[in-house]
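This report concerns only the one structure given below.
Protein chains in written order, with my numbering: chain V, 88 to 439; chain B, 12 to 121.
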């Protein structure tokens, strides 16, 4: 399957995505925050530097907010990666979170990991699991283990049907093989090598309770495949890019955005990731989160907008830019790159 | 009222809390406790609820628990199997009453 960009789909353009969201009649996110006296969102400090090293991926998942795939060529250069390292050197940001695409396919991935670990930072690799089995990556599990990288791996279902429907035919089997390789390297076994899984819904609905899903995953993956892991994190699908294309194609956009708005949970607002993250694009531009990055909504005017500007300026605090897609992070139990941000099961459709 | 069943009525279920809110509150407390994670996971309970919804043929419950099953990580294979369980029990219930029929017929017949 080609990316939206390669297919020249109108929704490959961020402005078309924002228009489609506005067409649903959803209120402005900022207005809802103001009503609840929660505006404006402000990032006072940075706990996590989330670096998107590019859009190249070995998969073309149906829900991908990056529109990543084998046909994408935008990847971070060595020069930009060195600026990321320099930023870490100058600022005591505790965590480097590396994402993509499949970040491991970028030649700078191992450089970034090695340098950040040498600086004593926690490093997270957002791994699609199947990358562990492709040519040239046979030593990847060992590399990650040797550098004590925390692995956050995507697995939308503990069953084949759901995983393959979202991530492509055969992905479940290859993901299980990837998990076995990580377990064999010591991940998820209580050795201190952290292996967390990500569940996101296979369709136009919100994720269920994180704790209950984790129990199901632990039991089913353990009994059927002998796989162990540390935690399961739930993430809602963001109505942008390829998931928005799915919503538009299936006539679900308005109902899904309505669901997100109806499920707005003020308790999830304090935990939204943009308040403690800074997102770096493959070209060194800066954003409040990976979703804003894909919508090409850079940090607010006045804040340093590139790695160069930030290295020169040094100001990390900033106001956060929002739009209607932000309801995806505040619906129900809340959603972030770290999973649910509020109590589980706050709002689920049941006769209540 | 054009039809006996209206999809919008599902969202009005809480209207049953009017007039006797204390009874509604007791029911909702119980309801919440029943569906909380326990010896069975929320997904397993949602699948049971989906099967019962088909057994009692409640369109509101089928709507609600089709959504709930998906949210809680069930897939269409599992949901279809749950409906077959409901169907097997409903069919079996009719069949096992046939024993009563046979008892009567055998007592009366020659």
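Backbone N, C-alpha and C define an ideal beta-carbon position, used for all residues, glycine too.
Listed in chain order, the non-local C-beta contacts of residue 300/V below 8 Å within the same chain comprise 286, 294, 319, 321, local neighbours out to five positions each way being set aside.
Counting only the Cα atoms, residue 233/V lies some 12 Å from residue 278/V. In the displayed model, residue 258/V falls within a helix according to three-state DSSP. At least one beta carbon of chain V lies nearer than 8 Å to the beta carbon of residue 54/B. For residue 78/B, a Cβ of chain V is located within less than 8 Å of the residue's own Cβ. Across the structure, residue 215/V and residue 258/V are spaced so that their CA atoms are roughly 9 Å apart. Per DSSP, residue 80/B is one residue of the alpha helix (DSSP H) stretching across 70–82. Contact between residue 109/V and residue 340/V is ruled out by a C-beta separation of about 11 Å, above the 8 Å threshold. Close to chain B, meaning a Cβ-Cβ distance shorter than 7 Å, are the following residues of the region 292–308 of chain V: 292, 293, 294, 295, 296, 298, 299, 300, 302, 303. Here residue 143/V is actually not in contact with residue 92/V; their C-beta atoms are around 12 Å apart, not less than 8 Å. The residues 360, 361, 364, 366, in chain order, have a CB closer than 7 Å to that of residue 376/V in the same chain once the five nearest residues on each side in sequence are set aside.
For residue 211/V, no alpha helix (DSSP H) run applies; the uninterrupted beta strand (DSSP E) run containing it begins and ends at 209–214, by DSSP. Contact check for residue 327/V and residue 104/V: beta-carbon distance about 5 Å, within the 8 Å limit, so the pair qualifies. Leaving aside the five residues that flank residue 397/V on each side, the residues in its chain whose CB is nearer than 6 Å to its CB run, in chain order, 391. The Cβ neighbour count for residue 17/B, taken over all protein chains shown within 10 Å, is under 16; the residue is labelled exposed. Contact with chain B is found for residue 286/V, since one of that chain's Cβ atoms lies less than 8 Å from the residue's Cβ. In the structure shown, residue 367/V adopts extended strand secondary structure according to DSSP, grouped into three states. For the C-beta of residue 246/V, the chain B residues within less than 7 Å are, from N- to C-terminus, 86. Rounded to whole angstroms, the separation of the alpha carbons of residue 96/V and residue 179/V is 41 Å. A direct Cα-to-Cα measurement between residue 176/V and residue 317/V gives close to 30 Å. Excluding its 5 nearest sequence neighbours in each direction, residue 53/B has C-beta neighbours in its own chain below 7 Å: 46, 83, listed in chain order. Excluding the 5 residues flanking it on each side, residue 368/V has same chain C-beta neighbours closer than 7 Å at 139, 374, 380, in chain order. For residue 285/V, the beta-bridge partners assigned by DSSP are 241/V, 320/V. At a beta-carbon threshold of 7 Å, none of the residues of chain B lie near residue 371/V; the nearest stands roughly 38 Å away. Judged by beta-carbon spacing, residue 146/V lies beyond the 8 Å limit of residue 213/V, meaning their Cβ atoms are not closer than that value.
Chain B places no beta carbon closer than 8 Å to that of residue 426/V, leaving this residue out of the contacts. Contact note: residue 188/V does not reach chain B at a C-beta cutoff of 9 Å; the least C-beta distance is about 26 Å.
Here the alpha carbons of residue 342/V and residue 99/V stand approximately 22 Å from one another. Of the other Cβ atoms in all chains shown, 16 or more fall within 10 Å of the Cβ of residue 195/V; this residue is therefore buried. Contact between the region 159–178 of chain V and the region 257–275 of chain V is absent: fewer than three C-beta pairs spanning the two stretches fall below 8 Å. The three-state secondary structure of residue 315/V, taken from DSSP, is coil. Close to residue 249/V, with beta-carbon spacing below 7 Å, are these residues of chain B in chain order: 86. When the Cα atoms are used, residue 94/B and residue 403/V turn out to be separated by approximately 54 Å.
Cβ neighbours of residue 388/V within its own chain (closer than 6 Å, five residues either side excluded): none. In this structure, residue 185/V places its C-beta atom within 8 Å of the C-beta atom of residue 211/V. Put simply, the backbone Cα of residue 124/V is about 22 Å away from that of residue 344/V.
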